[in-house]
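>
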Amino acid sequence: MTDLTVIIVNWNTRRLLHGCLTSVFRHTSGISCQVTVVDNASSDGSPDMVAKAFPDVRLIRNQENLGFSRANNQALCSASSRYFLLLNSDTALQDNAFKEIVAFMDAHSNAGISGTRLLNSDGSRQYSCDLFPRRPLTILFDKIRDRFFPSLSGGWQDRMSAWDFRQDFLVDYVIGAVLCIRRETFEQIGLLDERFFMYAEDIDWCFRAARAGWQTYYLGSISISHYNRGSSQKTPGQALRLQQMRTHSLRKFYRKHYGLLDSVLFSLIVCLKKNHSNEC
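Numbered per UniProt numbering, the sequence shown spans residues 1 to 280.
(1) Around the Cβ of L16, are there at least 16 other Cβ atoms within 10 angstroms (buried) or fewer (exposed)?
(2) Quick one: residues in its chain with C-beta nearer than 8 Å to the C-beta of Q12, no 5 flanking neighbours on either side, listed in chain order?
(3) For L77, count the other beta carbons within 10 Å of its own beta carbon; 16 or more makes it buried, fewer makes it exposed. Which is it?
(4) Kindly indicate the opening and closing residues of the alpha helix (DSSP H) around D48.
(5) Is the beta carbon of L192 sitting closer than 7 Å to the one on S267?
(6) From the DSSP output, in three-state form, read off F186 for me.
(7) Residues in its own chain within less than 8 Å of M245 by CB, not counting five upstream and five downstream?
(8) Could you check whether T216 and V171 sit closer than 7 Å to each other, using their CB atoms as the reference points?
(9) Give the list of continuous alpha helix (DSSP H) stretches no shorter than 4 residues that lie fully inside the stretch 193-264.
(10) Short of 7 Å in beta carbon distance, which residues of its chain neighbour V24, apart from the five on each side in sequence? Order them along the chain.
(11) So is T28 buried or exposed if we call it buried at 16+ other beta carbons inside 10 Å?
This is the structure we're talking about:
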């Protein structure tokens with residue numbers, strides 16, 4: 001069985017995708033690796049570029065943009081390997097990152113999911129892991145406590161402030177830009193939830209893995225560059241739309257895992273924030 005299946009969903013990021021694939025083949029050795037590109041009806045020639053420049057890549061051509069979750073699921077359904085890794089097209093490998101990820105997962109049988117340290121083009125660290133979204137009443141309680149009883153503050157803030165992002169440690173979730181999942185974990189929790197067209201599908205997957213008893217690790221010892229200017233980089237108006245999509249996906253997460261009341265309360269919190277009043 002192949003060690004790793006790498007799945008890259010692409011939408012109109014031809015140049016970035018070429019760089020990503022080049023880095024994958026240049027820096028991956030010592031493991032067996034299959035690369036699959038799922039193209040969501042790009043109009044920039046991405047599929048033809050992949051077919052011509054990277055003939056060993058398995059290419060799935062969609063006739064419409066199916067979204068991040070559904071496109072990944074297409075590849076996951078037919079993949080056969082010990083681990084599956086979701087990779088954004090605007091990333092570039094450093095060193096033999098995939099071999100290191102596989103080695104970590106092999107050494108930690110409790111690890112169902114893992115993600116790496118992500119770096120900006122200037123070498124600074126990017127956001128790539130977090131705690132699960134807090135329930136609205138918990139957020140309200142924390143704000144009241146911090147306002148009137150600051151000496152009692154702590155909890156989740158203390159946990160995050162103790163994180164050393166150069167090390168490997170347990171987290172609640174890692175983002176889908178680089179996300180490795182164990183085959184056994186995948187078989188237990190299932191595919192990505194396609195109700196999340198884009199955003200929060202990674203949180204949902206890690207949440208389901210945690211409920212099934214698996215752990216998620218942030219691997220600070222392994223770095224991958226993430227240029228963060230791929231399919232979702234748009235004009236200011238489109239950026240606002242993407243922010244609204246993030247909020248909408250989080251509403252779905254709250255409704256799915258915390259219930260209708262928490263979903264409504266989350267929506268109210270969003271509407272009460274001045275900077276996000278246009279998302280209500």
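For every residue, glycine included, the Cβ atom is placed at its ideal position computed from N, Cα and C.
The short version:
(1) buried
(2) Contrary to the premise, residue 12 reads as Asn rather than Gln in this sequence. Result list for N12: S42, S43, D44, S46 and S231, in chain order.
(3) Residue 77 is actually Cys in this sequence, not Leu. Flag for C77 reads exposed.
(4) S46 to A53
(5) Not in contact: L192 and S267 (Cβ atoms no closer than 7 Å).
(6) helix
(7) F197, M198 and Y199
(8) Cβ distance < 7 Å, so V171 and T216 count as in contact.
(9) 201-211 and 236-257
(10) V6, V35 and L93
(11) Under this definition T28 is a buried residue.
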